[in-house]
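Peer 1:
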Amino acid sequence: MQFYKSDLFQYISGSISDRNLLEQLTELGLEVDQSKKEKNDLLIKLDLTPNRGDCFSLIGIARDVCAVNNLKLKFPKFKKQQQILNSKKTFSVDKSACSSYLGQIIKLKSKGKTPKHIKKTLKAADIGQVNPIVDITNYVMLHTGQPLHAFDNKKIGKKIYVKFPSKRKKLKLLDGSSHEITKDFLTISDENGVIALAGIMGCANSEVDETTQEIFLESACFEPASIRGNARKLGFQSEASLRFERGVDKQIQEFAINFAAQLYAETFGGDFSKVFKQSKNHKARKISISKEFIDSRLGTDIPTAKVIKLLKALEFKVELKRNLMELTCPSHRYDIEIKEDIIEEIARIIGYDNLPSKRLKLLASSPEDTSFEKEKLSKDIFVNTGFNEVINYAFVDSSFVQMLGLNNDSIELANPMSSNQDVMRPSLIPGLLNNFEYNFNRGAQKFRIFEVGNVFTKKESWKSLSGLLFFDKSSSDWSGSFQSSFYDLRKSLDMFFSRLNVEPIYKKTSVNHLHPGISAEIKMKTKSIGNIGVLHPLIQKKLKLPEIVLFEINLDNIKLPKINAIAQPPKFPGSERDLSFLVSKEIPANDFIKELKKAGGTNLRSVSVIDVYQGKGIDEFSKSITFRLFWQATGATLEDKEVDQFVENQINHAAKIFNAKLRS
Amino acid sequence: MDLAQEKKTFLNKFKEADSQDSLNSLKIKYLGKKGILSSLMSQLSNAPAEKKPKLGKSINEFKSLIEESIRSSLEKIEQSALDEQLSNEGIDVTLPLSPDVGSYHPISLIANEISNYFKNKGYVLREGPEIESEYFNFSALNIPENHPARDMHDTFYFDNGNLLRTHTSPVQIRSMELESPPLKILCPGKVFRCDSDQTHTPMFHQVEGLVVDKDINFAHLKNEILEFVESFFKDNPKVRFRPSYFPFTEPSVEVDIQGENGWLEIMGCGMVHPNVLKNVGLSPEVYSGFAFGMGIERMTMLRYQISDIRMLFENDLRFVIKG
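Chains A and B, in that order, are what the protein sequence lines are.
Going by the numbering used here, the first sequence opens with residue 4, and the numbers climb by one from there.
Going by the numbering used here, the second sequence opens with residue 18, and the numbers climb by one from there.
In structure tokens, the structure reads:
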């Protein structure tokens, strides 16, 4: 809603400075979006909330300004035009959809011109000038909030129906657009068909223009429920639908038609028919509220007399019955339905900033969703190992997902913003690859990123953690410590698992988007929780990217660590042995360690790999792998011969299981 | 042998000794088994009884003198040798390093700060699904179909009628359906609206708080917000509460803070609408509550003086906030 201050003050007896007015409007909940000084006037643009349909009118805004300033509203009176025109019309109105339908036939005596002050008001409101007939309807609407519609009376029949059509209909609107409407569009029809979409827009077939000599002026109250959503279904919103959807004052139709009639008389001169009227009795809404309820919800102690005065200023009728205030709501406040709405009115007029504040002493406690802790722990660990967190949109390009061979089970959006954001991400990897590409093209030489977020397939959704690592070796500096490799990324992941006190295993795997030789499935017991590996060289080539390593795991499959007792470190010295084996290079180190542990007795504390060698001196199918084993007992010092026995067992076991030979 | 003479000779020789070797041989010459000290000791046994104590004392003093002088001299030499060695081992301590410094996304930092603040006030974190049903996102929150308030939310839909939540408010409903009052929860999370410009992205983050119990009132809401603003905005800006409209609160409030160029909107809040309470089976005559919600991007942009929200989702690593 956009208007001049001078137009608003036609209805207010008193004056308020520009600055105060702007502040007051916002503090009343009629937010000033913009204001601009123009000549001797102030142009004001309000950003209205959907509940305040009444303020899509100058009178409505003036009411609030008067109430908060204790000023009197100047409500104009119009005298009825002499009704000498004896034209006939009959009406059939669906009163459940249209509580009131008024109309008047006006024979225009001359060619009129839109008066200057009307032009100014329309321009302020950003409503284009059409012709004097239409301009007047719009002008009255801006003042009263009542949308009016003028039909060319020569183009319509004698019978007016306000009804829902019995079948789908095709029609052309005033703006030239064609539509097919369904049975839930309320229409204004005559004997020959639809002449207007009620509360939205008139049809082209009954349009007024410069040659129109006789109009049928409609001033109706359509119920919001019968209008709502219909304009949006057609893909637009009109000034009329905007108001009817929010609710128009049920008592203002006659005032508005008289207002317009006077303007037509002044502008064109005219002969007027009587005002035809079809309406349902308006029942004002009644609400009872007590002082106690008001105070309990606002945390206040407001004297009843003050509440009454304030509500009366807002045109509520108040009857005090014992402790209960019985209120009759003004017809223009369509939005007031319940006690809480009255409380808001009281708070609004007193001013939110003038109400008290008080510390809340409530402590409620129930366990927190563990996903937050897990997410935080994941972020902390990866940030502390040198990764940068990224956040990507949850929708990705389905063709990219397909190219990566990630998942063909992703959920499509019905109304994506663009074709490259058409499905919900089934994995965080497309996002991370985009981030890498973006930064690589801008010269990034070192890159470690990760993201935590939900991913989706048609069947389920889960919280995922994914990371990507890249290092341009040619840009290595003097310290040269950084190595881009599978193992570098795995080390970070291992640190993460170790902090969570879980020990997943890596198993060579083949997934579409990863290098078949340098990738692994990450498994917890028998369950696969993710994968890690070098991006598949073919994908890498297609994207024109260098070699990168990435992982992704399902966080929902990992539990937060349980709290365990801290074991006392053993007091007795331990023994360390190094063993080198010659074994087939296909044997994973992890499997070997598992078997060494089996044969190493309960006091075997750790097995680490200190060297892996393939090449000169060893046949091409084998590798040499050197383990460092450490034994320690809790109750006594281990004897050398005990350890010797374990070592012998291990050597025999490894020979049996892996055909491994001890190297001397 | 004359003790005084020997002492003099020793001191002269000691003065000349300037290496570890010469000091060690001096030590042997005087303190060794066949050294001068042991000959002096054998002289002592032949001395008259009345002179023995005094002579014995003098010999012992001489012995201490030798030991102490040689020890301290040797120490000095060792020290200077070590000093020389260490100074040769010196490195350039100024060579530049490039550590892999990780970073949190600024949105995470702010979300975390806000969550921690409210956690310390006794709020419990709650999470809800990002793909929601019409019921939780709209109907249960008193936003019926075709209501103009739905125009405030440009919603992403799926073919099965589900949608991407347009706000974190559905978590309120889910929490109230599961737990009974007193309730004090905080729901941070991703939300989605089809919109993109300098101040809008199709995905953004909100954090929403909800308190429900008996006797919760508007004054409590005001205080909760005032205290939060004081904690989050370090320079304690002026706060303005003004009427607004959300279908799920009544009264509804928009909160502004005074910025350099006028008021800045920071969050919406209000008293929980009685229809919302009824929708989860709570009587609005018995229970009341308040809810507040803010955009994390907005708070992030205010904190770090970012003018284009889209920057937050470019993930350009040259744009990283350390901290």
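C-beta: ideal position from N, C-alpha, C; glycine also.
1) Can you name the residues of chain B whose CB is closer than 7 Å to the CB of threonine 388 of chain A?
2) Does DSSP put threonine 637 of chain A in a helix, in a strand, or in coil?
3) Drop a sphere of 10 angstroms on the beta-carbon of asparagine 662 of chain A, count the other beta-carbons inside from all chains shown, and report buried for 16 or more, exposed for fewer.
4) Apply the 10 Å Cβ neighbour rule to arginine 362 of chain A and answer buried if 16 or more other Cβ atoms are within range, or exposed otherwise.
5) Quick one: does alanine 367 of chain A have its CB under 8 Å from some CB of chain B?
6) Are the segment 116-135 of chain A and the segment 295-308 of chain A in contact at 8 Å, needing three or more beta carbon pairs?
7) For leucine 11 of chain A, count the other beta carbons within 10 Å of its own beta carbon; 16 or more makes it buried, fewer makes it exposed. Which is it?
8) Would you decide whether isoleucine 87 of chain A is buried or exposed? Buried here means 16 or more other CB atoms lie within 10 Å of its CB.
9) Check serine 422 of chain A in the structure and name its three-state DSSP category.
10) Flag this pair as yes or no: are the beta carbons of isoleucine 292 of chain A and leucine 330 of chain A separated by less than 8 Å?
11) Just reading off the beta strand (DSSP E) that glutamine 107 of chain A is part of, what are its end residues?
12) Among the residues of its own chain, which have a CB less than 8 Å from the CB of phenylalanine 235 of chain B, if the five just before and after it don't count?
13) Based on Cα-Cα distance, which residue from A:Arg580, A:Asp614, A:Leu641 lies nearest to glutamine 653 of chain A?
14) Terminal residues of the continuous alpha helix (DSSP H) containing isoleucine 130 of chain A?
15) In angstroms with no decimal places, state the Cα-to-Cα distance between serine 102 of chain A and isoleucine 255 of chain A.
16) Cα separation between aspartate 325 of chain B and proline 591 of chain A?
17) Of all Cβ atoms in chain A, is any one closer than 8 Å to the Cβ of tyrosine 174 of chain B?
18) State the Cα-Cα distance for the pair phenylalanine 485 of chain A and phenylalanine 474 of chain A, rounded to the nearest angstrom.
19) I need the straight-line Cα distance from proline 146 of chain B to phenylalanine 575 of chain A, nearest angstrom please.
20) Anything in the segment 387-411 of chain A with a Cβ closer than 8 Å to a Cβ of chain B? List those residues in chain order, please.
21) Between the alpha carbons of valine 197 of chain A and asparagine 284 of chain A, how many angstroms are there, rounded?
22) Any idea if asparagine 54 of chain A is buried or exposed, counting beta-carbon neighbours within 10 angstroms, 16 or more meaning buried?
23) Does the Cβ of proline 540 of chain A have 16 or more other Cβ atoms within 10 Å, making it buried, or fewer, making it exposed?
24) Residues of chain B with a CB under 9 Å from the CB of glutamate 415 of chain A: which are they?
25) In this structure, does DSSP put lysine 462 of chain A in helix, strand or coil?
26) So with Cβ pairs under 8 Å, would you call alanine 65 of chain A a contact of chain B?
27) For the beta strand (DSSP E) containing methionine 144 of chain A, name the first residue and the last one.
28) Could you name the residues of the segment 326-337 of chain A whose beta carbon sits closer than 8 Å to any beta carbon of chain B, in the order they occur along the chain?
29) Check histidine 120 of chain A in the structure and name its three-state DSSP category.
30) Can you tell me which of the three DSSP states alanine 263 of chain A falls into?
31) Hey, does alanine 350 of chain A have any beta-carbon neighbour from chain B nearer than 8 Å?
32) Beta-carbon of aspartate 35 of chain B versus every beta-carbon of chain A: anything under 8 Å?
33) Taking the C-alpha atoms as reference points, what is the distance between serine 104 of chain B and leucine 496 of chain A?
34) Three-state secondary structure (DSSP) at alanine 64 of chain B?
35) CA-CA distance, aspartate 344 of chain A and arginine 336 of chain A?
36) Taking 8 Å as the threshold (beta carbon to beta carbon), is isoleucine 339 of chain A in contact with chain D?
Peer 2: Let's see:
1) The residue labelled residue 388 of chain A in the question sits at position 385 within the first sequence. Within chain B, the residues near threonine 388 of chain A are Gly119.
2) The count along the first sequence starts at 1 and reaches residue 637 of chain A at position 634. Taken through DSSP and simplified to helix, strand or coil, threonine 637 of chain A comes out as coil.
3) Sequence index remark: in the first sequence, residue 662 of chain A carries index 659 (1-based). Exposed.
4) Reading the first sequence from its first residue, position 359 is the one you call residue 362 of chain A. Exposed, by the Cβ-count rule.
5) Start at 1 with the first residue of the first sequence, and residue 367 of chain A comes out as number 364. Taking Cβ atoms only, chain B reaches closer than 8 Å to alanine 367 of chain A, which makes this a yes.
6) Cβ pair count under 8 Å is below three, so no.
7) Here residue 11 of chain A refers to the residue found at position 8 when the first sequence is read from its first residue. Result: buried.
8) Here the question's residue 87 of chain A lines up with position 84 in the first sequence. Classification of isoleucine 87 of chain A: exposed, given that the 10 Å Cβ count is below 16.
9) Working through the first sequence from its first residue, we reach residue 422 of chain A at position 419. Collapsing the DSSP output to three states places serine 422 of chain A in a helix.
10) Indexing the first sequence from 1 puts residue 292 of chain A at position 289. Indexing the first sequence from 1 puts residue 330 of chain A at position 327. Result yes, Cβ atoms of isoleucine 292 of chain A and leucine 330 of chain A sit closer than 8 Å.
11) The sequence position of residue 107 of chain A within the first sequence is 104, counting from 1. Unbroken beta strand (DSSP E) run through glutamine 107 of chain A: 101-111.
12) By one-based count along the second sequence, residue 235 of chain B stands at place 218. Excluding residues within five positions, the ones whose Cβ falls inside 8 Å are Pro268, Met288, Phe307.
13) In the first sequence, the residue the question calls residue 653 of chain A occupies position 650. The residue among A:Arg580, A:Asp614, A:Leu641 with its C-alpha nearest the C-alpha of glutamine 653 of chain A is A:Arg580.
14) Your numbering for residue 130 of chain A matches position 127 in the first sequence. Note, isoleucine 130 of chain A: premise wrong, no alpha helix (DSSP H); not H, not E.
15) Taking the first residue of the first sequence as 1, we reach residue 102 of chain A at position 99. Taking the first residue of the first sequence as 1, we reach residue 255 of chain A at position 252. When rounded, the distance between both Cα atoms is 12 Å.
16) The sequence position of residue 325 of chain B within the second sequence is 308, counting from 1. The sequence position of residue 591 of chain A within the first sequence is 588, counting from 1. One C-alpha to the other measures close to 51 Å.
17) Within the second sequence, residue 174 of chain B is the residue found at index 157, counting from 1. Taking Cβ atoms only, chain A reaches closer than 8 Å to tyrosine 174 of chain B, which makes this a yes.
18) Position 482 of the first sequence, counted from the start, is the residue given in the question as residue 485 of chain A. Position 471 of the first sequence, counted from the start, is the residue given in the question as residue 474 of chain A. Reliability of the predicted coordinates at phenylalanine 485 of chain A is poor, the pLDDT of 48 falling under 50, and no value is obtained from them.
19) Counting from one through the second sequence, the residue named residue 146 of chain B turns up at place 129. Counting from one through the first sequence, the residue named residue 575 of chain A turns up at place 572. Going by the C-alpha atoms only, they are around 54 Å apart.
20) Asn387, Thr388, Gly389, Phe390, Asn391, Glu392, Val393, Ile394, Asn395, Tyr396, Ala397, Phe398
21) Here residue 197 of chain A refers to the residue found at position 194 of the first sequence. Here residue 284 of chain A refers to the residue found at position 281 of the first sequence. Cα to Cα, the separation comes out at about 27 Å.
22) Taking the first sequence and counting its residues from 1, the one referred to as residue 54 of chain A is at position 51. Flag for asparagine 54 of chain A reads buried.
23) As a working mapping, residue 540 of chain A is identified with position 537 in the first sequence. Classification of proline 540 of chain A: exposed, given that the 10 Å Cβ count is below 16.
24) The count along the first sequence starts at 1 and reaches residue 415 of chain A at position 412. In chain order: Phe175, Asp176.
25) Residue 462 of chain A sits at position 459 when you count from the first residue of the first sequence. Here lysine 462 of chain A sits in coil by DSSP.
26) Your numbering for residue 65 of chain A matches position 62 in the first sequence. Taking a beta-carbon distance threshold of 8 Å, alanine 65 of chain A does not count as an interface residue toward chain B.
27) If you number the first sequence from 1, residue 144 of chain A lands on position 141. Premise fails: methionine 144 of chain A lies in the alpha helix (DSSP H), 135-147, not in any beta strand (DSSP E).
28) none
29) For the purposes of this step, residue 120 of chain A is identified with residue 117 of the first sequence, where counting begins at 1. Helix, per DSSP.
30) As a position in the first sequence, residue 263 of chain A is number 260, starting the count at 1. Helix, per DSSP.
31) Position 347 of the first sequence, counted from the first residue, corresponds to residue 350 of chain A. True, the Cβ-Cβ gap to chain B drops below 8 Å.
32) If you number the second sequence from 1, residue 35 of chain B lands on position 18. Taking Cβ atoms only, chain A never reaches closer than 8 Å to aspartate 35 of chain B, which makes this a no.
33) Here residue 104 of chain B is taken as the residue at index 87 of the second sequence, counted from 1. Here residue 496 of chain A is taken as the residue at index 493 of the first sequence, counted from 1. Serine 104 of chain B and leucine 496 of chain A: Cα-Cα distance of roughly 42 Å.
34) In the second sequence, the residue the question calls residue 64 of chain B occupies position 47. Note: alanine 64 of chain B maps to coil in three-state DSSP.
35) Translated into positions along the first sequence, residue 344 of chain A becomes position 341. Translated into positions along the first sequence, residue 336 of chain A becomes position 333. The straight-line gap from Cα to Cα measures roughly 11 Å.
36) Checking the listed chains, one finds no chain D in this structure; the protein chains it contains are A and B.
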